[in-house]
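Numbering (the UniProt record's numbering), first residue to last: 1 to 235.
From the three backbone atoms N, C-alpha and C, an ideal C-beta is built for every residue, glycine too.
None of the values given here were measured: they were computed from a predicted structure.
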């Protein structure tokens, strides 16, 4: 019993150290043309690869949430928000309200029980809606997201949106999927595994993603399929 507990503590410490090394890498080497959070608003940054992990950093989580990117330069220059500094997100933001509802409804868990991160880990210039070049998304997936999957080893990782899913797939050597076909077959798509983790994509829970998801049965259909896959993986 004592030996097992010691091994468990050692494994947890190893995970924490490896994640801290990735966070240090992010802090030390922003990509050309991008910033780190701390360069714009230090109070929003933290010892994680993404500040989103501040309130969702369960290193033994079965469920990992992968968003596209955390914020943009113009949003970080808005008046200081204490919630964002403390939680890594604004709980009153409609996208977050939708995400938390979907997690509770279909997985019966709170956001804090997951590990949440962003595929692109740096801050883009300009507006939130500004697209991130595909090559930069893929690079960040290769250098940060895949190593995180290897460290945390959740059973399932849920990618929010087409760009997030396809950048991660490409970085791991998979072909990109046609989003409309993928969502049409959400319950029967072949399982894509990266580092032994089942990777699934769902529409982004923001305004536009929620609207576009209606053509494929809505967000709840997609999240129900993801939850069914997790139950299958658990046996």
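Whole-Å CB distance - residue i paired with residue j, under 8 Å assumed
{"i": "residue 158", "j": "residue 228", "result": "About 13 Å; that fails the 8 Å criterion."}
{"i": "residue 115", "j": "residue 57", "result": "6 Å"}
{"i": "residue 155", "j": "residue 234", "result": "7 Å"}
{"i": "residue 51", "j": "residue 88", "result": "4 Å"}
Cα-Cα separation between residue i and residue j, rounded to whole angstroms
{"i": "residue 206", "j": "residue 100", "result": "12 Å"}
{"i": "residue 121", "j": "residue 70", "result": "7 Å"}
{"i": "residue 149", "j": "residue 117", "result": "11 Å"}
{"i": "residue 113", "j": "residue 82", "result": "22 Å"}
{"i": "residue 9", "j": "residue 24", "result": "22 Å"}
{"i": "residue 188", "j": "residue 177", "result": "14 Å"}
{"i": "residue 214", "j": "residue 14", "result": "43 Å"}
{"i": "residue 35", "j": "residue 141", "result": "17 Å"}
{"i": "residue 74", "j": "residue 54", "result": "21 Å"}
{"i": "residue 163", "j": "residue 201", "result": "10 Å"}
{"i": "residue 39", "j": "residue 28", "result": "11 Å"}
{"i": "residue 43", "j": "residue 80", "result": "9 Å"}
{"i": "residue 98", "j": "residue 18", "result": "31 Å"}
{"i": "residue 59", "j": "residue 16", "result": "8 Å"}
{"i": "residue 67", "j": "residue 119", "result": "6 Å"}
According to DSSP, residues forming a beta bridge with residue i
{"i": "residue 124", "result": "72"}
{"i": "residue 168", "result": "Answer by DSSP bridge pairing: none, since residue 168 is not bridged."}
{"i": "residue 193", "result": "198"}
{"i": "residue 159", "result": "66, 201"}
{"i": "residue 207", "result": "Paired residue(s): none; residue 207 is not in a bridge."}
{"i": "residue 57", "result": "115"}
Cβ-based burial, residue i [other Cβ within 10 Å; buried from 16]
{"i": "residue 78", "result": "exposed"}
{"i": "residue 12", "result": "exposed"}
{"i": "residue 41", "result": "buried"}
{"i": "residue 45", "result": "buried"}
{"i": "residue 123", "result": "buried"}
{"i": "residue 166", "result": "buried"}
{"i": "residue 192", "result": "buried"}
{"i": "residue 186", "result": "buried"}
{"i": "residue 196", "result": "exposed"}
{"i": "residue 190", "result": "exposed"}
{"i": "residue 104", "result": "exposed"}
{"i": "residue 211", "result": "exposed"}
{"i": "residue 194", "result": "buried"}
{"i": "residue 135", "result": "exposed"}
{"i": "residue 161", "result": "buried"}
{"i": "residue 181", "result": "exposed"}
{"i": "residue 145", "result": "buried"}
{"i": "residue 86", "result": "exposed"}
Cβ-heavy atom distance, residue i to the ligand NAD, below 7 Å
{"i": "residue 169", "result": "Absence of the ligand NAD from the depicted structure is noted, as is the absence of any ligand whatsoever, leaving it without description."}
Segments assigned beta strand (DSSP E), at least 3 residues, entirely inside the stretch 94-139: Here the runs fully enclosed are 115-120.
List, from N- to C-terminal side, the alpha helix (DSSP H) runs of 4 residues or more that fit wholly inside the stretch 19-47. Here the runs fully enclosed are 37-40.
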